[in-house]
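S.K.: Below is a structure I'd like to ask you about.
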């Protein structure tokens, strides 16, 4: 099924630190409103059918340590704002999507 529109209300959960939606056959796009989750450290939609582009607004999730978005149908390029985002990131998985362009150079260090 789709990511329910009502899930945008997750932003009211200020201490939410884990969202694990791995392998649930979910469709839809990544909600831009989830950028307002100040404590989010782990996010996974691995192995779903999520489509659309990577939300530019997600660069505001400075607490994010792990982002697992592999095996979906994401398109487009990495938002420029992501180049300096995610100072706490340790794991970033995005393989088996339809993303294009180059990775931000700062990610090579």
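In the numbering used here, the protein residues as written are -4 to 104. Just so you know, even glycine gets a beta-carbon here, dropped at the ideal spot from N, CA and C.
#1: With a threshold of 16 other CB atoms inside 10 Å of the CB of residue 40, please say whether the residue is buried or exposed.
#2: Out of 20, 32 and 77, which has the shortest C-alpha to C-alpha gap to residue 10?
#3: I believe residue 57 touches residue 83 by the beta-carbon criterion, under 8 Å. Please report the beta-carbon distance rounded to the nearest angstrom.
#4: Do you know offhand how far residue 69's Cα is from residue 89's?
#5: Since residue 100 is in the beta strand (DSSP E), which residue starts that stretch and which ends it?
#6: Return the residue from the list 77, 87, 99 and 66 that minimises the CA-CA distance to residue 22.
#7: Check for me: the beta strand (DSSP E) holding residue 45 runs from which residue to which?
#8: Please return the same chain residues whose Cβ sits closer than 7 Å to the Cβ of residue 50, not counting the five positions on each side in sequence.
#9: Return the first residue and the last residue of the beta strand (DSSP E) that residue 68 is part of.
M.R.: With the structure as the only source:
#1: buried
#2: 32
#3: 7 Å
#4: 9 Å
#5: Per DSSP, residue 100 belongs to no beta strand (DSSP E) and is neither H nor E.
#6: 66
#7: 44 to 47
#8: 25, 27 and 30
#9: 68 to 71
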